[in-house]
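In this note's numbering, the protein residues as written are 464 to 716.
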Ligand SMILES: [Mg+2]
């Protein structure tokens, strides 16, 4: 296998840490709560004829396939059925998402960056110890659209992580991301060299399932400091705004 050529100063493989970033509630959030339904509902209705019970659901921390599966289950549409139509879902979802994105403007954006997100991504990019990639419940093209809308695309061009179209179960995602990262870097990194950063108990749970470390942030809409603390992340931060504190936290893991 051809080794990926490092542009930065080299670091011993055992010292590398791969940061697996969640998107919603961690790097950015929608300006209007529930805005995702503006595109998910028409996408589901056009494919399955119904959006099921999506209006009643609290979806943070779930993968997009999981959200669709749970919304449609009572309508006799199985997870398997959803999976079989993932290509169509991806296409329809992006048409609706682009349509909604086109209605946004600088004065009225769909998403806003959370405090410190850009700064910490810039800082870790300068450090040879770190690589950043995504671990998100968003469908892959939806993840990239959101990042583009807030100007974070540049940070995630190098390594492919794991996405909501990879599995219904977020606990599967760290292993999928790790396999892609290892293949790209020509390494076999240990699970503990991966750090999941997210805002929900599901982020912490998926890290533990794989043996990765977890850093929880309290910038999600639903989960309080106490709720996240009860799931025992390796570190718990109020947000990403104190760049030095975030770096020290990563350095200790
Ligand atoms: Mg999240």
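Ideal Cβ positions, reconstructed from N, Cα and C, are used throughout, including at glycine. Just so we're clear, the structure is a prediction, and the values are computed from it rather than from any experiment.
Coarse secondary structure for residue i, derived from DSSP in three states
i, result
"residue 581", "helix"
"residue 596", "strand"
"residue 465", "With a pLDDT of 44 at residue 465, under the threshold of 50, the modelled position of that residue is not reliable, and the figure given next carries that caveat. Here residue 465 sits in coil by DSSP."
"residue 494", "coil"
"residue 719", "Past the boundaries of the shown model lies residue 719; the chain is included only from 464 to 716, so the question cannot be answered."
"residue 575", "strand"
"residue 487", "strand"
"residue 715", "coil"
"residue 480", "strand"
"residue 625", "strand"
"residue 631", "coil"
Residue i: first and last residue of the uninterrupted alpha helix (DSSP H) it sits in
i, result
"residue 616", "No alpha helix (DSSP H) holds residue 616; DSSP gives it neither H nor E."
"residue 658", "Note, residue 658: premise wrong, no alpha helix (DSSP H); beta strand (DSSP E) at 657-661."
"residue 636", "636-648"
"residue 689", "688-693"
CB contact check: residue i to chain C, cutoff 8 Å
i, result
"residue 529", "Here chain C cannot be found, since the structure has a single protein chain."
Identity of the residue in the options nearest residue i by Cα
i, options, result
"residue 657", "624, 555, 700 and 576", "624"
"residue 719", "604, 581, 612 and 621", "Here the chain comprises residues numbered 464 to 716, so residue 719 is not present and cannot be evaluated."
"residue 563", "495, 677, 695 and 476", "495"
"residue 512", "700, 667, 491 and 540", "540"
"residue 490", "568, 670 and 577", "577"
"residue 509", "575, 557 and 618", "557"
"residue 705", "499, 614 and 579", "579"
"residue 589", "526, 618 and 652", "618"
"residue 585", "716, 478 and 709", "709"
First and last residue of the uninterrupted beta strand (DSSP E) at residue i
i, result
"residue 474", "Taken as a continuous stretch (DSSP letters only), residue 474 belongs to no beta strand (DSSP E), as it is neither H nor E."
"residue 699", "698-700"
"residue 679", "676-680"
Do three or more CB pairs link the segment 630-650 to the segment 492-505 at distances below 8 Å?
no
3 or more residues per run - each beta strand (DSSP E) lying fully within the segment 502-564:
none
Spell out a yes or no on whether the segment 691-709 and the segment 536-551 are touching, meaning 3 or more CB-CB pairs, one atom from each, closer than 8 Å.
no
Does the contact criterion of 3 or more C-beta pairs under 8 Å hold for the segment 694-708 versus the segment 525-544?
no
Measuring CB atoms only, is the segment 605-616 touching the segment 665-673, in the sense that at least three cross pairs come out at less than 8 Å?
no
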